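The opening residue of the sequence shown carries number 39 in my numbering; numbering runs sequentially from there.
Presented below is the structure to which this report refers.
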Amino acid sequence: MVSSMDSPRIFVPPPLIVAGTLVAGLWLDGLLYVWPTTPTLLLIVGAVLIAGGLTFIGLALRLFRKVGTRPEPWQPSSELAQSGVYRFTRNPMYLGMTIVYSGIALALKSPTAGLLLLPLVAVLDRLVIAREEAYLGRRFGASFDAYRKRVRRWM
Numbered sequence: 039m040v041s042s043m044d045s046p047r048i049f050v051p052p053p054l055i056v057a058g059t060l061v062a063g064l065w066l067d068g069l070l071y072v073w074p075t076t077p078t079l080l081l082i083v084g085a086v087l088i089a090g091g092l093t094f095i096g097l098a099l100r101l102f103r104k105v106g107t108r109p110e111p112w113q114p115s116s117e118l119a120q121s122g123v124y125r126f127t128r129n130p131m132y133l134g135m136t137i138v139y140s141g142i143a144l145a146l147k148s149p150t151a152g153l154l155l156l157p158l159v160a161v162l163d164r165l166v167i168a169r170e171e172a173y174l175g176r177r178f179g180a181s182f183d184a185y186r187k188r189v190r191r192w193m
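Right, dumping it as structure tokens:
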């Protein structure tokens, strides 16, 4: 069993938080039952956002495999990823998830899902990322502190 000091104590997987918020927004708009006709431009922009977000996520996962650490935030970290996409943002997976979310909300013309993006980002930032970063600070000390000063949390 992992001790509470050796993990960030994330109790709900962040992808479930993102997916749940998106489904709630789509449901509130009635989009789960009747798919609207979306203008081609919105579909294209949505698809580009989805592809871009998935790229961020994929690059981050690939780097985690390369450095030999786990991507699940509720698991202990064995290495601090600082290269690749992590040179530009400390949270490329969360950034990618929110970009994918935005693309889906846009492509499906869901104003409610779009409005729920702001509270979603606040929840991720304050309840997930803040815990992860506190853990990484305890786990990696000065190395993480230097990284945190060098690279922005989101972009």
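From the three backbone atoms N, C-alpha and C, an ideal C-beta is built for every residue, glycine too.
Note that the structure is a prediction, hence the values are computed from the model and not measured.
Is residue j closer than 8 Å to residue i when the C-beta atoms are compared?
{"i": "L92", "j": "V138", "result": "yes"}
{"i": "R128", "j": "R176", "result": "no"}
{"i": "G106", "j": "S116", "result": "yes"}
{"i": "P111", "j": "F102", "result": "no"}
{"i": "L154", "j": "T136", "result": "no"}
{"i": "A144", "j": "V56", "result": "Reading off the sequence shown, one finds Leu at residue 144, where the question assumed Ala. It is not a contact, given that the beta carbons lie outside the stated cut-off."}
{"i": "L118", "j": "F182", "result": "yes"}
{"i": "T59", "j": "L158", "result": "yes"}
{"i": "G141", "j": "I88", "result": "yes"}
{"i": "P51", "j": "L162", "result": "no"}
{"i": "R186", "j": "E171", "result": "yes"}
Taking residue i as part of the alpha helix (DSSP H), name the residues at either end of that continuous run.
{"i": "P53", "result": "52-66"}
{"i": "V86", "result": "78-105"}
{"i": "S181", "result": "180-188"}
Quick one: is residue i buried, meaning 16 or more other Cβ sit within 10 Å of its Cβ, or exposed?
{"i": "L54", "result": "exposed"}
{"i": "V40", "result": "Its pLDDT being 45, under 50, V40 is placed unreliably in this model, and the coordinates cannot settle the point."}
{"i": "S42", "result": "Bear in mind that the predicted position of S42 carries a pLDDT of just 49, short of 50, making it too unreliable to give a figure here."}
{"i": "P46", "result": "buried"}
{"i": "F49", "result": "exposed"}
{"i": "G68", "result": "exposed"}
{"i": "G130", "result": "It is Pro, not Gly, that sits at residue 130 in the sequence shown. Result: buried."}
{"i": "A184", "result": "exposed"}
What are the complete alpha helix (DSSP H) segments, minimum 4 residues, inside the region 121-171? When DSSP assignments are scanned along the region 121-171, the uninterrupted stretches of alpha helix (DSSP H) that are 4 or more residues long and fall wholly within it turn out to be 130-145, 149-161.
Notebook entry, point to check: Counting pairs of beta carbons, one from the region 57-66 and one from the region 148-161, are three or more of them closer than 8 Å?
Noted result: Cβ pair count under 8 Å is three or more, so yes.
* To do: Report yes or no: do the region 76-83 and the region 95-111 share at least 3 C-beta pairs separated by less than 8 Å?
  => Output reads no: the region 95-111 does not touch the region 76-83.
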